[in-house]
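Undergrad:
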Amino acid sequence: MVPLSLLLLLTWNYFLLASGKESREGSVLELNVFIPITSGSITLDRLSVTCKQKSICAVKGSEVTLKCSYSNINIKTVFWFSEKQSANWRKNNESEDLTLDSDYSGRVKHQISSGSSTLTISDVRERDSGEYQLMFIMNDGVKHLSSAAVSLTVTDLQTISYDTCASV
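Counting with mature numbering (1 follows the signal peptide of the UniProt record, and there is no 0), you get residues -20 to -1, 1 to 148 for the letters of the sequence shown.
#1: Mind reading off the beta-carbon distance from residue 104 to residue 62? Whole number of angstroms is fine, and I expect it under 8 Å.
#2: Quick one, are the C-beta atoms of residue 116 and residue 53 less than 8 Å apart?
#3: What's the call for residue 97, buried or exposed, on a 16-neighbour Cβ count within 10 Å?
#4: Let me make sure I understand the geometry here. Which of 123, 86, 36 has the alpha-carbon closest to that of residue 102?
#5: Cα-Cα, which of 65, 112, 35, 99 is closest to residue 83?
#6: Tell me residue 97's beta-bridge partners as DSSP assigns them.
#7: Do residue 135 and residue 40 count as a contact pair if the criterion is CB distance below 8 Å?
#8: Considering only residues of the same chain and omitting the five flanking positions on each side of residue 108, which have a CB-CB separation below 7 Å?
#9: Just the C-alpha distance for residue 121 and residue 37, rounded to the nearest angstrom, thanks.
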């Protein structure tokens, strides 16, 4: 028996890994197939991203600004997303721009400047608490997940305490 390993590229974002045993006659006696399902068309590559603040504590109803900087000359566009909003995504497992999310309608503003991206969320709500990341779409269409995230904790004014924000 000769071991057989095969790696095939099915699409630009899905891989098929097949392994099995081959008999002397060349027929496959056993075949195991493994298809890792990635989140949308995100590659495993991550871009180097630096966020001004890694965690932000805000009072309900206030305005917060999330800012991250990056360097890559091949970026076509960039958007902010939050994994907690995945139930609202039109395509399963494909992150979407928060400016298109109905939960944030009229409350978010995204500004892109050379090498940085800023997301301002006004009238923050407790349900806005969560992790926010950048998604980069390169000139060749490949998507890259940012290497950093900003954690937002929103609390009611009556319940805010040093311990609540310090633990973030």
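All C-beta atoms, glycine included, are put in the ideal place defined by N, C-alpha and C.
TA: Put simply:
#1: In the sequence shown, residue 104 corresponds to position 124, counting from 1. In the sequence shown, residue 62 corresponds to position 82, counting from 1. In fact, because the Cβ distance is near 13 Å, the residues do not count as touching under 8 Å.
#2: On the sequence shown, residue 116 is found 136 positions in, with the first residue counted as 1. On the sequence shown, residue 53 is found 73 positions in, with the first residue counted as 1. No.
#3: Position 117 of the sequence shown, counted from the first residue, corresponds to residue 97. Counting every other CB atom within 10 Å of its CB across the protein chains shown gives residue 97 a total of 16 or more, marking it as buried.
#4: Stepping through the sequence shown from its first residue, residue 102 is reached at position 122. The candidate whose alpha carbon is nearest that of residue 102 is 86.
#5: Mapped onto the sequence shown, residue 83 falls at position 103. Cα-wise, what sits closest to residue 83 is 65.
#6: Locating residue 97 in the sequence shown gives position 117, where the first residue counts as 1. Residue 97 pairs with 48, 92.
#7: Position 60 of the sequence shown holds residue 40. Position 155 of the sequence shown holds residue 135. Against a cut-off of 8 Å, the Cβ pair of residue 135 and residue 40 comes out as a contact.
#8: In the sequence shown, residue 108 corresponds to position 128, counting from 1. Within its own chain, the residues whose Cβ lies closer than 7 Å to the Cβ of residue 108, once the five positions on either side in sequence are excluded, are 101, 132, 134, listed in chain order.
#9: Position 141 of the sequence shown holds residue 121. Position 57 of the sequence shown holds residue 37. So the two alpha carbons sit approximately 35 Å from each other.
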